[in-house]
Amino acid sequence: MSFQDMGEFISYLEQTDQLVRITVPVSRDLEITEITDRIVKGPSSGNKALLFENVEGFSMPVVANLFGSESRISAALGVASLNDL
117 MSFQDMGEFI
127 SYLEQTDQLV
137 RITVPVSRDL
147 EITEITDRIV
157 KGPSSGNKAL
167 LFENVEGFSM
177 PVVANLFGSE
187 SRISAALGVA
197 SLNDL
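If you're matching positions, the sequence shown starts at 117 in the working numbering and goes up one per residue.
Shown next, in the form of structure tokens:
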């Protein structure tokens, strides 16, 4: 599967339960990094991409940990496995 843009890739991640949407207001300086750090260092079953929809002081969302697993990297590159590269 190939993706035309990041929005398409994010939609795929959401459809395959690999994305968590965070809708509460978060600080760009402390909270985004703390939440991402906890996800990355936590159990692999909880290692998902994060979409922060309400970043204080910004009108654009922030996405983190998009390529935090081999399966997400493979999907983004359009291969079944990284060994296929």
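We put the beta carbon where it would ideally sit given N, CA and C, even for glycine.
Give me the Cα-Cα distance between residue i and residue j, rounded to the nearest whole angstrom.
i      : j      : result
THR132 : ASN181 : 15 Å
ILE126 : ASN163 : 15 Å
GLU169 : LEU146 : 16 Å
GLU124 : LEU201 : 22 Å
LEU198 : MET122 : 20 Å
SER160 : VAL179 : 19 Å
VAL156 : MET176 : 23 Å
GLU135 : ARG154 : Checking the sequence shown, residue 135 turns out to be Leu, not Glu. Rounded to whole angstroms, LEU135 to ARG154 spans 15 Å at the Cα level.
GLU130 : ILE151 : 18 Å
Measure the CB-CB distance between residue i and residue j and report whether it falls below 8 Å.
i      : j      : result
GLU186 : PRO141 : no
MET117 : GLY194 : yes
ILE189 : LEU166 : no
TYR128 : ALA191 : yes
I believe residue i touches residue j by the beta-carbon criterion, under 8 Å. Please report the beta-carbon distance rounded to the nearest angstrom.
i      : j      : result
ARG144 : PHE174 : 7 Å
Contiguous beta strand (DSSP E) assignments of at least 3 residues, all confined to the segment 135-192: 135-138, 165-168, 178-180
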